[in-house]
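**Q** Protein chains in written order, with my numbering: chain A, 1 to 765; chain B, 766 to 1058; chain C, 1059 to 1215.
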Amino acid sequence: MSYCQVNKSLTRVDAYAKVTGQAKFGADLTFPDMLYGKVLRSKYPHARIKGINPEKALEYPGVEAVLTAKDIPNNLFGVIIHNQQVLAERETYYIGDGIAVVAARTREAAEQARELIEVEYEELPGIYRLEEARDEPVKPVHPEMADNQVAHHTLRKGDVKLGFAEAEIILEREYSTQLIEHAYLEPEAVIAVPAQHSTLLTIYGSVQNPYATRRAVAGVLQVPLAQIKVIQDHLGGSFGGKDENVSAMAARAALLALKTGKAVKMVNDRVESMLESYKRHPYQMKYKVGASKEGKILAMEIKAEADSGAYACQTPFVTWRSVVQATGPYEIPHVKTDTYGFYTNNVYTGAMRGYGSPQVIFAQESLLDELARELKIDPVELRLQNIYHNNSITASGQRLDNHQVSLKEVLERALTASEYKAKYREYSQRQPGEKKRGIGLAISYRGCSLGAEAIDAAAANIAILNDGSITLSCGLAENGQGLKTIFSQIAAEILGVDPERINYLPVDTSAVPDSGATVASRSTMVGGNAVKNAAEKLKKTFADFVAREYETTGAELVFRDEQIYNGPGKAVTSFSEAAAAAFYQGVLLNATGWYLSPDISWDEETGSGNPYFTYVYGCQIAEVEVDIGTGEISVLRITAAHDVGRAINPAGVRGQIYGGVMMGLGYGLMEEVETEDGYISNTNFDDYLIPTIKDLPEIIPIIVENPDPNGPFGAKSIGEPTLELAGAAIANAVCQATGKRIRSLPLNLERVLIGSSLRKGGRSK
Amino acid sequence: MKDFQLLTTRELSAALQYLASGSKVKLLAGGTDLLVDLAQKSHRLAGIDYLLDISQIKELKLIRVRDNRLEIGSLVTHTDLSENPLTRRYFPMLVQAARVIGSTQIRNRGTVGGNINHASPAADLLPPLLALRSEVELTAQGGSRVLPLSQFVTGPYQTCLRPDELLTTLRLPLPSPDYYGSFQRIGRRKAVTIARLSLALVVRVTNGLFQDSRLVPGSATPYPQPLARVEAALNNQAVAMLDLEEMGRLAGEEMVALSGERWSTPYKKPALASLVKKALLAIMEEVAADGKG
Amino acid sequence: MEKVKVRLTVNGNSFCLEVGAKERLLDTLREQLRLTGVKEGCSIGECGACTVILNGEAVNSCLVLTGQLDQSEVVTVEGLAQDGRLEPLQQAFIDHHAVQCGFCTPGMLMSAKALLMKDPHPGREQIKTALEGNLCRCTGYQQIIEAIESLTGPERE
């Protein structure tokens, strides 16, 4: 089948606005009489608030309101567990907790006044280490709870005792991964405008999940959802990171806006963002694997523990994805996996691109290489012996029979493109000097979309106007990944028009049904299907009308090239003409599309089920040079092969691969939010380092297409798979280069040179 | 932070006059450190009355050769320094160091004088400038004084600049052809990162022997200073017979002697040894290529 | 607080501005002149989102006080297109998918433009050096490099 619009690298529909500076992001918007809001945050990671005196702040010139927890109708919110405070009431649970908010006529006044709010604290001892959170349930972080456990998920397959008894080799290893920051370039920004659009409040800004934010704001204010409208257009990167924190910000701005009757803008600076926003979960993992001498994996037992920080946030679901995927894509008869999340007084952790996968992939792919080394089997051969194929039974007991299981294909394509075998041989020889090279790989499977976390559905609206122009909107939000373009291509393909005809509208929660969150690499698949559904409904109505109006008979009408054909070369009418005619005949050319993803299942008791309706497969191979005198790692090349089902926009897919690989490189080599008893010491880009353009290695993107029956035009996911592999692949490459296995991320200078990461003592602000 | 007034001048004499006024004046040139302090509400700006913008004083932006010395005006930017034909010709090591300061945007604004005055332990220009035996000219209304750079920097973030003085010029003796140098640096990523460790090494090679060695590490000691014991050990050694491991080991030990055992020592000690070896190897290769080994 | 008077040319237009002692060029552009294409990402010169061209050179507008800039010339992303015609760099960014979330894009464009003003045929290393102060978390930089290289022709030896 040949396509006109999809499977083509069309330019982004939002690129023009972005290269000209016309695109307005949250912080760029202004409204008449707008006030500026600022948050006073806790001085201590854990403290009792004995009193707050806002008097001096209220007297500061330009200040119009100061609010604290007692001014909030319902102070608790959360997507899964409602235990996150909009503003700390009796206790602060982490260093980023807000205590009061100020609205003033200028940003400077708000900042100055914030410093004048007097808070009487009683500093309390906190829990900052995972072990402590787990082992000392007598001191729960949240006093109303019995212990610190946020979540515990199990997965059981076969009988690991039996498996280990059969094994001829057993390895037990411990791995750990670090706390990292999303580091979206745009700090969070929200504006709440009262009494606009016939609603109580309209929220604009850097909102990743407009419906979640609407729910949070309405819940906090105790008003109907219909009274809150969230509008989201341009957002400067999110990667999972502008959800709960932005909901809290929106709720605070909303409270101030209602109090003052004026628009209130809140913009975090980078330091505020680093202090308050949630991070990626650090994991501590114990893996035990049993295999035959020939390399058949017989049993795997896994325990993974995540630091959830002060709030539950997404921990229950993050650790659930980990429990499903923790073995990696290997068919193992006996599996026992337990994942946990624990509260501490550290900065809270939540969704970040990958969502519980990069941690377990680092462990599992390191382990596979360690096993290969022990067995003296080539790491590739070991994987080939154990990977999933069509009809394999996964660790959770799901038979992979509804799509092409392309692990072998992605692996082989990456091996060839990276010249893996020759390089592996070459780098296995003795290398003179301090610079040693190595090559290593990692593979993964990943469940697409939400899985058994929640209802997985999305909506889209398409209208054909009487001049033939089209408006399109969807409930999923453009975070920069390119969904406006993908959805426009899908709609244009079905309606047979040029995408330029389509005006893609901002998300407006009052105009499109709740489509869930823009997460889990679900937009192209779930949102794309909703757009496709809307376009198909419209096309049907439109075609019926054209057939009647133009008295066509026989063949089905074909919409293509802005024309409507009744057979090859026989144009009945143009799209625009027909649209005008339909309007004047009173035909409704407006459709809401809906897509509800296929049934899935999960049994928490038995730890098994069909958790996702389809999967994607990927392989990344890293080639590195390590200076064993200084500990510096240069990543020379990363080959990344990913099965995306169908690339709706190949250039966009490559962009996801380049970006994901670089984020994975940062995770592998340099990124770490450093905390000391709950205080965060690196709060800006001078010491929280993310990769620069100079860190860019050669990246070879390989797009593999095995169309999925459940995806629009066969398309699946690409956002997260690209990020989850590079760290593990780099670690394996470094081990080949140096002969030393590093079981903790990041592979910073100190770990590479002396085997442990050094930490500066003492607290910073 | 209290409010201050911004003063600007295009004349050195006017600037010196402001400095002599007795008010608390903070100098502003490229602003790449000062505006960070401002953003962070740093104590370094506490209590100042005036911010004096000197960035438009043209006479401090010159690079020229005079009296067998290269003179670098204190307002020369890192970009100018690294692109200037004279620095490129005489001091490639300095160019190398200037090119890794901050980013292109920072180098376009940040000045040589600012980098020296800030006297950060990690200042990229200090190790090569110290190794190259630079002098600084400090000017006040009453006249100038010239000091070796090694005396000017007196501690971490400390210099002996008097409140009425301006660092006007840097002077570097032009090297004879038998001098060799190497600059080494470790960062946590490939660009825009402060030096985790750096090293400037300058030696003269006479009759196959190292002479007049100058070895200054950065980010290794409380403030950049020469490792005198390593220098002494290096002098009169035959280039071809050098025990690299021993020199590296000595450097690590001397660093610890100067800075004490710190949280970072277990890393920096072997890493500095590696940098010393790398610098010596680079020079030995160059010497061999020149046929002087 | 005493204001400083500054004459500034921004995107070809002359302005006589009164600015506070602590007012950064970034603030003047975004707040006084409403040129919101200039973005604030870190406030300490580490991310490059606020990059503009000042007297022909790329600078972080968060690290310059407007009071220092009397008689200076500034170009922001809004000044790249002339009479509605995109500057070739802008078109190249569109054509080569060099844009994702778009927050770093204005700064990237200004750094790239400053480079090409200095040297129309830079090699890949020079391109990387020119952009090393511009962080991007979305694109992995590759397509940005490709966009710029589409304009620079073969690398000069």
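From the three backbone atoms N, C-alpha and C, an ideal C-beta is built for every residue, glycine too.
1) By a C-beta neighbour count over all protein chains shown, 10 Å radius and 16 as the cutoff for buried, is Pro989 of chain B buried or exposed?
2) Could you tell me the distance, in whole angstroms, from the CA atom of Tyr667 of chain A to the CA atom of Gln232 of chain A?
3) Skipping 5 residues on each side, what residues in its chain have a beta carbon closer than 8 Å to that of Thr541 of chain A?
4) Quick one: Cα of Gly762 of chain A to Cα of Glu1026 of chain B, how far?
5) Going by C-alpha distance, which of A:Pro499, A:His142, A:Thr92, A:His152 is nearest Glu123 of chain A?
6) In terms of residues, what are the limits of the alpha helix (DSSP H) holding Lys1042 of chain B?
7) Taking 8 Å as the CB-CB cut-off, is Arg954 of chain B touching chain A?
8) I'd like the span of the beta strand (DSSP E) that includes Phe769 of chain B, first residue to last.
9) Go ahead and label Phe1073 of chain C buried or exposed: buried means 16 or more other beta carbons lie within 10 angstroms of its beta carbon, across all protein chains shown.
10) Tyr1199 of chain C by DSSP, collapsed to three states: which one?
11) Would Glu108 of chain A count as contacting chain B if we go by Cβ distances under 8 Å?
12) Within the chosen definition, does the segment 815–824 of chain B reach the segment 793–804 of chain B through at least 3 CB pairs nearer than 8 Å?
13) Closer than 8 Å, CB to CB, is Tyr1032 of chain B near chain A or not?
14) Closest to Asp599 of chain A by C-alpha separation, out of A:Lys259, A:Val673, A:Pro611, would be which residue?
15) From this set, A:Leu67, A:Ala395, A:Val661, A:Ile443, which residue's C-alpha is nearest Glu412 of chain A's C-alpha?
16) Checking 8 Å against the spacing of the C-beta atoms, do Tyr278 of chain A and Asn245 of chain A come in under that value?
17) If contact is defined by three or more beta carbon pairs under 8 Å, each pair taking one atom from either stretch, is the segment 1157–1167 of chain C in contact with the segment 1187–1199 of chain C?
18) For Ala804 of chain B, go through chain C and note every residue whose CB falls closer than 8 Å to its CB, in chain order.
19) Would you say Glu186 of chain A faces chain C, with C-beta separation under 8 Å as the test?
20) What are the residues that DSSP puts in a beta bridge with Leu980 of chain B?
21) Mind checking who Phe948 of chain B pairs with in its DSSP beta bridge?
22) Given a threshold of 16 other Cβ atoms within 10 Å of its Cβ, counted over all protein chains shown, does Ile680 of chain A qualify as buried or as exposed?
23) So, helix, strand or coil for Ala477 of chain A, using DSSP?
24) In chain order, what residues of the same chain lie with their CB nearer than 7 Å to the CB of Leu771 of chain B, ignoring the 5 residues before and after it?
25) Quick one: complete alpha helix (DSSP H) runs, 4+ long, within the segment 601–670 of chain A?
26) Could you name the residues that DSSP lists as bridge partners for Asn706 of chain A?
27) Roughly how far, in whole angstroms, is the beta-carbon of Ile690 of chain A from the beta-carbon of Glu720 of chain A, given that I think they are within contact range, below 8 Å?
28) Relative to the C-alpha of Thr20 of chain A, which candidate in C:Tyr1199, C:Lys1186, C:Met1168 has its C-alpha closest?
29) Which of the residues in the segment 688–702 of chain A, read from start to end, lie with their CB under 7 Å from any CB of chain C?
30) Does the pairing of the segment 57–69 of chain A with the segment 284–296 of chain A give three or more beta-carbon distances under 8 Å?
31) State yes or no: is the beta carbon of Arg898 of chain B nearer than 8 Å to at least one beta carbon in chain A?
32) Could you tell me if Trp320 of chain A is buried or exposed, where buried requires 16 or more neighbouring beta carbons within 10 angstroms of its beta carbon?
33) At a CB-CB cut-off below 7 Å, which residues of chain C make contact with Asp25 of chain A?
34) Would you report the Cα separation of Thr606 of chain A and Thr394 of chain A, rounded to the nearest angstrom?
35) What residues in its chain sit with their C-beta under 6 Å from that of Gly714 of chain A, if we drop five residues either side in the sequence?
36) Find out if the Cβ-Cβ distance for the pair Gln1002 of chain B, Leu974 of chain B is shorter than 8 Å.
**A** Taking the structure as given:
1) buried
2) The straight-line gap from Cα to Cα measures roughly 29 Å.
3) Val587, Leu588, Leu589, Ala591
4) Only weak support exists for where Gly762 of chain A lies, its pLDDT of 36 falling under 50; the coordinates are left without a value.
5) A:Thr92
6) 1030–1054
7) yes
8) That residue, Phe769 of chain B, is in no beta strand (DSSP E); it is neither H nor E in DSSP.
9) Answer is exposed; the Cβ neighbour count stays below 16.
10) coil
11) no
12) yes
13) yes
14) A:Pro611
15) A:Ile443
16) Asn245 of chain A is positioned such that its CB atom lies closer than 8 Å to that of Tyr278 of chain A.
17) With three or more CB-CB distances shorter than 8 Å, the segment 1187–1199 of chain C counts as touching the segment 1157–1167 of chain C.
18) Within chain C, the residues near Ala804 of chain B are Ser1101, Ile1102, Cys1120.
19) yes
20) B:Leu966
21) B:Ala965
22) buried
23) Ala477 of chain A sits in coil when the DSSP states are folded into three classes, being neither helix nor strand.
24) Leu816, Asp818
25) With a minimum length of 4 residues, the continuous alpha helix (DSSP H) runs that stay inside the segment 601–670 of chain A are 650–669.
26) Asn706 of chain A is not bridged to any residue.
27) The Cβ separation is near 18 Å, so there is no contact.
28) C:Met1168
29) Ile690, Thr692, Ile693, Lys694, Leu696, Ile699
30) Contact between the segment 57–69 of chain A and the segment 284–296 of chain A is absent: fewer than 3 CB-CB pairs across the two stretches fall below 8 Å.
31) By this cut-off, Arg898 of chain B is not an interface position.
32) buried
33) Before going further, note that residue 25 of chain A is Phe rather than Asp in the sequence given. Correct list: Phe1161.
34) So the two alpha carbons sit approximately 14 Å from each other.
35) Gly645, Arg646, Pro707, Asp708
36) yes
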